[in-house]
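All the letters of the sequence shown, read from the start, carry residue numbers -23 to -1, 1 to 352 under mature numbering (1 follows the signal peptide of the UniProt record, and there is no 0).
Ideal Cβ positions, reconstructed from N, Cα and C, are used throughout, including at glycine.
Input: a single structure, listed below in structure tokens.
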Amino acid sequence: MRNSILVRSIAAVSGIVMLASVAACGDNTTASTDSSAKSDTKTETVSGNFSGAGASSQQAAVEAWIAGFQGTNPDAKVAYNPSGSGAGVSTFLTGATAWAGSDASLADNEVEQSKSVCASGTAFDIPVYISPIAVVFNLQGVSGKGKTLNMDAETIAKIFDGKITKWNDDAIKKQNPKVDLPDLDITVVHRSDKSGTTKNFLSYVKDAAGDAWSYDLGENWPNEVGQGAKGTSGVISTVQQADGTIGYADASQAGDLGTVAVKVGDDYVPFSAEAAAKVVDASPLDDSAKGDNRVVVKLDHNTTEKGAYPIVLVSYDVACLAYKDANTAKFVKSWLTYVTSDEGQQTAASAAGSAPMSNTLRQKVVKSIDAIKTK
């Protein structure tokens, strides 16, 4: 995890309490705010202290966004705590932060809970960060930056369910005939905390692996296989430390670890931002998402589109549609406008290797951002 001063500044409880006085959805100022912000257009600058918390997968992108945003808003001080999706949404729902980052869309009960912190109506979520989830491994003589092993969805599911326990299992060998695989135990590493990355990974194996995966979908790891590690950095560091390990994490953090090329149709596709974008662009929005102005992508994990990588993380920002504090509303609208602009998306791509959202998706997101107001 990076040693960002801004990230560290919010880690202390006292810091969150102080920032909450200006960032909370339930503040008592009643001045009006401009609601005409458009993505890719300059807006009036904002000032004050503002905080967010949530998805650790967004950390590199958020650090770059903060630098870019504060460059044009020098009187705004923005801090982000990469505490994890579940923790970030929970903090937002107490009113302690202006927004949250989450690798999972809001659950119905979270939308309902948001009524208590938003000035009127509910919170909404919009995609801001699109990235492949890499299945990472550490296998002496096989792994390394740019090195891959081929696996289909069934094989991945059986490994993470403890049904394939050796690296030289026939299911892996048949898909990698030119690789000398060792007779070594597989050690699964998964997230120990509530995680949107986990939910996205589980969504893939549940949809694509058929009967090989029988667990319900959720943000918590569902079985007792392997060992848990907290946060994206925890998974990566644990996999790095031991031979024979395998885990899953936002691909921007894969580093020098080996990664899995996933079977799509008749091909094995390694992760890339471009391959992740293909899946998102081909996937519909989830019309069943309850609440106003929500933009939730329903990923097609069973795609056979050539060159598409199906294990994708769509990370969202969560905000109120209405804030009691005009300055907070102004900040959130300006922040989300920048983050989802072409400039913001390219900034994230450079910093974290994410896939910039398409113009078609951006148009839907901008409509939601424009709806932010002061009560």
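In or out: residue i buried (at least 16 other Cβ within 10 Å) or exposed?
i: residue 316; result: buried
i: residue 10; result: The predicted position of residue 10 is uncertain, since its pLDDT is 35 and thus under 50; a value taken from the coordinates is nonetheless stated next. Under this definition residue 10 is a buried residue.
i: residue 59; result: buried
i: residue 131; result: buried
i: residue 87; result: buried
i: residue 287; result: buried
i: residue 50; result: buried
i: residue 263; result: exposed
i: residue 100; result: buried
i: residue -1; result: Low confidence applies to residue -1: its pLDDT is 40, below 50, so where it sits in the model is not reliable enough to give any reading.
i: residue 68; result: buried
i: residue 336; result: exposed
i: residue 321; result: buried
i: residue 191; result: exposed
i: residue 5; result: Because residue 5 carries a pLDDT of 35, less than 50, the predicted location of this residue cannot be relied on, and no value is offered for it.
i: residue 18; result: Per-residue confidence for residue 18 stands at a pLDDT of 43, beneath the threshold of 50, marking its modelled position as unreliable; the derived number appears in the next sentence. Looking at its Cβ environment, which holds fewer than 16 other Cβ atoms inside 10 Å, residue 18 is exposed.
i: residue 8; result: Bear in mind that the predicted position of residue 8 carries a pLDDT of just 34, short of 50, making it unreliable; the figure below should be weighed with that in mind. It counts as exposed.
i: residue 193; result: exposed
Would you say residue i and residue j are within 9 Å of each other, going by their C-beta atoms?
i: residue 31; j: residue 84; result: no
i: residue 208; j: residue 61; result: yes
i: residue 116; j: residue 91; result: no
i: residue 34; j: residue 227; result: yes
i: residue 332; j: residue 219; result: no
i: residue 290; j: residue 173; result: yes
i: residue 118; j: residue 159; result: yes
i: residue 74; j: residue 52; result: no
i: residue 304; j: residue 72; result: no
i: residue 134; j: residue 202; result: no
i: residue 244; j: residue 283; result: yes
Assuming the contact rule is C-beta atoms closer than 8 Å, residue i and residue j should be a hit. Round their C-beta distance to whole Å, please.
i: residue 306; j: residue 97; result: Actually they are not in contact, since the Cβ atoms of residue 306 and residue 97 sit about 12 Å apart, beyond 8 Å.
i: residue 165; j: residue 223; result: 6 Å
i: residue 79; j: residue 295; result: 6 Å
i: residue 110; j: residue 178; result: 6 Å
i: residue 169; j: residue 206; result: 6 Å
i: residue 237; j: residue 112; result: 4 Å
i: residue 231; j: residue 255; result: Actually they are not in contact, since the Cβ atoms of residue 231 and residue 255 sit about 19 Å apart, beyond 8 Å.
Could you check where the beta strand (DSSP E) with residue i kicks off and where it finishes?
i: residue 54; result: 53 to 58
i: residue 27; result: 25 to 31
i: residue 226; result: 222 to 227
i: residue 81; result: Run containing residue 81: none; DSSP gives neither H nor E here.
i: residue 67; result: Element bounds for residue 67: not the beta strand (DSSP E) but the alpha helix (DSSP H), 62 to 69.
i: residue 94; result: No beta strand (DSSP E) contains residue 94, which DSSP labels as neither H nor E.
I'd like the span of the alpha helix (DSSP H) that includes residue i, first residue to last.
i: residue 339; result: 336 to 347
i: residue 103; result: No alpha helix (DSSP H) holds residue 103; the beta strand (DSSP E) holding it covers 100 to 115.
i: residue 208; result: 208 to 218
i: residue 240; result: From DSSP, residue 240 is part of no alpha helix (DSSP H) but of the beta strand (DSSP E) over 235 to 241.
Please list, in chain order, all residues of the same chain as residue i whose beta carbon is under 8 Å from its beta carbon, the five residues on each side excluded.
i: residue 171; result: 61, 62, 63, 64, 196 and 197
i: residue 441; result: Within the shown structure, residues of the chain are numbered from -23 to 352, placing residue 441 beyond reach of any answer.
i: residue 362; result: The question about residue 362 has no answer, for the chain in this structure spans -23 to 352.
i: residue 66; result: 31, 77, 79, 83, 87 and 295
Does the beta carbon of residue i sit closer than 9 Å to a beta carbon anywhere in chain C?
i: residue 315; result: The structure shown has no chain C; it contains just one protein chain.
For residue i, collect the residues of the same chain with a Cβ closer than 6 Å to its Cβ; drop the 5 residues on either side in sequence, then sort them by chain order.
i: residue 240; result: 129
i: residue 242; result: 281
i: residue 341; result: 272
i: residue 139; result: 202
Going by beta carbon distance, what residues of the same chain come within less than 7 Å of residue i, once the five residues before and after it are set aside?
i: residue 247; result: 125, 236 and 238
i: residue 267; result: 85 and 88
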